[in-house]
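Working notes, beginning with the structure itself.
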Amino acid sequence: MKENELRKKRIENEEKQEKTVQISLLLERKMEEYRQLAAKERIQNERILAYFHGQDEFSFFEDIIEETRIEERRFFDEMNEGQEIVNKEKRQLEEYSETLYEAELQALREEDDADG
Numbered sequence: 003m004k005e006n007e008l009r010k011k012r013i014e015n016e017e018k019q020e021k022t023v024q025i026s027l028l029l030e031r032k033m034e035e036y037r038q039l040a041a042k043e044r045i046q047n048e049r050i051l052a053y054f055h056g057q058d059e060f061s062f063f064e065d066i067i068e069e070t071r072i073e074e075r076r077f078f079d080e081m082n083e084g085q086e087i088v089n090k091e092k093r094q095l096e097e098y099s100e101t102l103y104e105a106e107l108q109a110l111r112e113e114d115d116a117d118g
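Now the structure itself:
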């Protein structure tokens with residue numbers, strides 16, 4: 003590949019890297035927001051269970067709260083998988099960027115050798 007083509011591909015790759023970083027930061031921010039909401043919900047749920055403890059309605063609320071906990075775990079598992087995918091993509095883009103950079107340097111060396 004010619005130097006200009008390599009440079010163009012490297013720039014495109016760097017743009018993809020920047021988008022991936024932005025996605026990663028957004029994902030982290032949203033997960034932290036959800037963690038805070040989930041913590042507040044758990045506190046509220048514990049209050050509900052304490053209020054209904056010993057009453058007929060207790061098991062009804064206990065079941066609902068357990069379902070909520072399961073969904074919360076599922077959500078975080080999926081978000082963690084998403085983070086792993088984004089991190090893998092970041093690593094691949096970084097490696098490709100390095101490869102393009104090395105190829106660009108090689109093209110420059112060959113051009114310098116040809117110019118003599």
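FYI, in our numbering the residues of the sequence shown are 3 to 118.
All C-beta atoms in this analysis are idealised placements derived from N, C-alpha and C, irrespective of residue type, glycine included.
It should be emphasised that the depicted structure is a prediction, and the values quoted were computed from it without experimental measurement.
With respect to the 9 Å criterion, Leu110 and Arg12 are not classified as neighbours on the basis of their beta carbons.
Around Thr22, the same chain offers Val88, Glu91, Lys92 and Leu95 as residues with beta carbons nearer than 8 Å, after the five sequence neighbours per side are excluded. Closest in C-alpha terms to Glu7, from the list Asp79, Phe60, Glu106 and Glu43, comes Glu106.
Assigned with DSSP and collapsed to three states, Asp117 falls in helix.
For a cut-off of 8 Å, the C-beta gap from Ala40 to Glu74 is around 5 Å, short enough to register as a contact. Under a 10 Å Cβ-count criterion, Asn15 is classified as buried, with 16 or more other Cβ atoms of the shown protein chains found around its own Cβ. Separation of the CB atoms of Leu51 and Phe63 is rounded to 6 Å, and the pair is thereby assigned contact status at 8 Å. Bounds of the alpha helix (DSSP H) holding Lys32 are Glu5 to Phe54. Within the same chain, Cβ atoms closer than 8 Å to the Cβ of Ile25 are found at Val88, the five residues on either side in sequence being excluded.
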